[in-house]
Amino acid sequence: MPPRRRISTFDWSTGVIAVAALAAGVAVYLREGQDRFLAILVGDVGLMAYMMPKVLAGCVIGALVTLLLPREVVTRWIGAESGFLGFVIAFLAAVILPGNPLTIFPVAGALLVVGADIGAVVVFITTWALIGYQRALVWELPFFGPDFMIWRIIVSLPLPFIAGLLARMAIRARGKGGGP
Amino acid sequence: MISLAVDLLLWTFVAALAAAAAVRSRTLMWEGLRDGVLDFLRLIPRLVFGVIGAGFLAEVMPQDVIVSWLGPDSGILGLTIATIIGAVTPGGPVVGFAIGATALKSGAGAPQVIAFVTAWSLYALQRVLMWELPVMEQNAVWLRMAASLPLPFLAAAIAMLAGKP
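So the sequences go chain by chain: A and B.
Going by my numbering, the first residue of the first sequence is number 1, and it counts up by one from there.
Going by my numbering, the first residue of the second sequence is number 1001, and it counts up by one from there.
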């Protein structure tokens, strides 16, 4: 297996967020005064303290699952099945795998190389994007609270299958059309 | 209460995985723990700026603008705007959730925020460019993105029909 690519400490999206955070902080301080500024800051630090143990657990889970479940194994599971069962296995595999793009996309790429059903690959990526438990518990729950998180996941449950079917239909239509 | 239960659940999971790794080899377990802690340390800057930024941004966000563009009564146009903003928001877990939570606090409707989070999860342009295109066939990436187009609207529609959250 190639060496694991690391999460970088600081990239441009963090830079944008940092600038926005500082600008908004200064704006609050100037417009609403020190008391309001400190009240918000204390609230945010509390939220951060609440998130830290979850984020740490999430990172360790991600690293351990990545080591325990090599991408070759996942590729074999999904690549071996077609039809609706293939969709279900792709769905379950994406639910189990940690929410890290460094793991997901190489698996999806490998699936295409071994000739897996494109529908199942779409189900796999879509499920990972919408329903990964790790990202939901670690990030979404602290920001949004349980009600929003649970309902967002419930309404998202059918979506990977819809995307998978659409992808499969598109491929079939192209095949029949005899295009390039 | 829920927070504690989630912490307990996550850490039980950590313990089970660490035990499973230790059964294979001690080295594997330590490697996993070390990788996880290093990832955590690298995420801290994003976490700090994301959380603090969300709090301050929610305070300075013009509420009336958010409500009229993305509020519960903003209809299909609001959903479309939320979807487009979600698609162009950069990846990384802090950014999208921080913006979504800010919008919700400032008066955006729940289905609109669901459309935003769904679009961001599916498209996050920077993630597509950095992680997806380099390792996947280009055609497959476009196909996945095309097949995902209706999903933010469907998610919002189901949420509206259910009347939740």
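Even for Gly, the Cβ is constructed at its ideal location relative to N, Cα and C.
message: Can you check whether the C-beta of residue 82 (chain A) is within less than 8 angstroms of a C-beta belonging to chain B?
response: The sequence position of residue 82 (chain A) within the first sequence is 82, counting from 1. By this cut-off, residue 82 (chain A) is not an interface position.
task: Spell out whether any CB of chain A is found under 8 angstroms from the CB atom of residue 1165 (chain B).
output: Position 165 of the second sequence, counted from the first residue, corresponds to residue 1165 (chain B). Residue-level contact by beta carbon holds for residue 1165 (chain B) and chain A, with a gap shorter than 8 angstroms.
Spatial distance of residue 174 (chain A) from residue 168 (chain A) (CA atoms): Translated into positions along the first sequence, residue 174 (chain A) becomes position 174. Translated into positions along the first sequence, residue 168 (chain A) becomes position 168. Near 10 angstroms, if we compare the C-alpha coordinates of residue 168 (chain A) and residue 174 (chain A).
message: Would residue 35 (chain A) pass as an interface residue toward chain C - the criterion being a Cβ-Cβ separation below 8 angstroms?
response: As a matter of chain content, chain C is missing from the structure shown, whose protein chains are A and B.
message: I believe residue 1055 (chain B) touches residue 44 (chain A) by the beta-carbon criterion, under 8 angstroms. Please report the beta-carbon distance rounded to the nearest angstrom.
response: Numbered from its first residue, the second sequence carries residue 1055 (chain B) at position 55. Numbered from its first residue, the first sequence carries residue 44 (chain A) at position 44. Sure, about 4 angstroms apart at Cβ, within 8 angstroms.
- prompt: Just reading off the alpha helix (DSSP H) that residue 92 (chain A) is part of, what are its end residues?
  reply: Position 92 of the first sequence, counted from the start, is the residue given in the question as residue 92 (chain A). For residue 92 (chain A), the enclosing alpha helix (DSSP H) has its first and last residue at 83-96.
Chain-order list of residues whose beta-carbon lies under 6 angstroms from that of residue 1156 (chain B) (same chain, five-residue window excluded): Counting from 1 along the second sequence, the entry for residue 1156 (chain B) is found at position 156. Closer than 6 angstroms at the Cβ level, and outside the excluded window around residue 1156 (chain B), lie 1079, 1111, 1114, 1115.
- request: Use the C-beta contact count for residue 1074 (chain B): other C-beta atoms within 10 angstroms, 16 or more gives buried, fewer gives exposed.
  value: One-based indexing of the second sequence puts residue 1074 (chain B) at position 74. Residue burial annotation: residue 1074 (chain B) is buried, with at least 16 other C-beta atoms found within 10 angstroms of its C-beta.
message: Judging by CA-CA distance, which residue of A:172, A:146, A:139 is the nearest neighbour of residue 57 (chain A)?
response: Taking the first residue of the first sequence as 1, we reach residue 57 (chain A) at position 57. Nearest of A:172, A:146, A:139 to residue 57 (chain A), Cα basis: A:139.
field: 8 angstroms CB neighbourhood of residue 4 (chain A) in its chain, flanking five on each side removed
entry: Here residue 4 (chain A) refers to the residue found at position 4 of the first sequence. Unreliable placement is indicated for residue 4 (chain A), whose pLDDT of 49 sits below 50; the coordinate value is still reported in the next sentence. Here the set comprises 66, 102.
message: Output needed in chain order: residues of the segment 48-79 of chain A with a Cβ under 7 angstroms from some Cβ in chain B.
response: Result list: 48, 50, 51, 53, 54, 55, 56, 57, 58, 59, 60, 61, 62, 63, 64, 65, 67, 68.
task: Pick out whichever of A:170, A:172, A:160 has its Cα sitting closest to the Cα of residue 86 (chain A).
output: Position 86 of the first sequence, counted from the start, is the residue given in the question as residue 86 (chain A). Among A:170, A:172, A:160, the Cα nearest to that of residue 86 (chain A) is on A:160.
Residue 1080 (chain B): first and last residue of the uninterrupted alpha helix (DSSP H) it sits in: The residue given as residue 1080 (chain B) occupies position 80 in the second sequence. Run containing residue 1080 (chain B): 1075-1088, per the alpha helix (DSSP H) assignment.
query: For the segment 115-132 of chain A, which residues have a beta carbon sitting closer than 8 angstroms to at least one beta carbon of chain B?
result: Listed in sequence order: 118, 121, 122, 125, 126, 129, 130.
message: Does the CB of residue 1153 (chain B) have a neighbour CB from chain A at under 8 angstroms?
response: Taking the first residue of the second sequence as position 1, residue 1153 (chain B) is located at position 153. Using a Cβ-Cβ cut-off of 8 angstroms, residue 1153 (chain B) does not count as an interface residue toward chain A, since no Cβ of chain A sits closer than that to its own.
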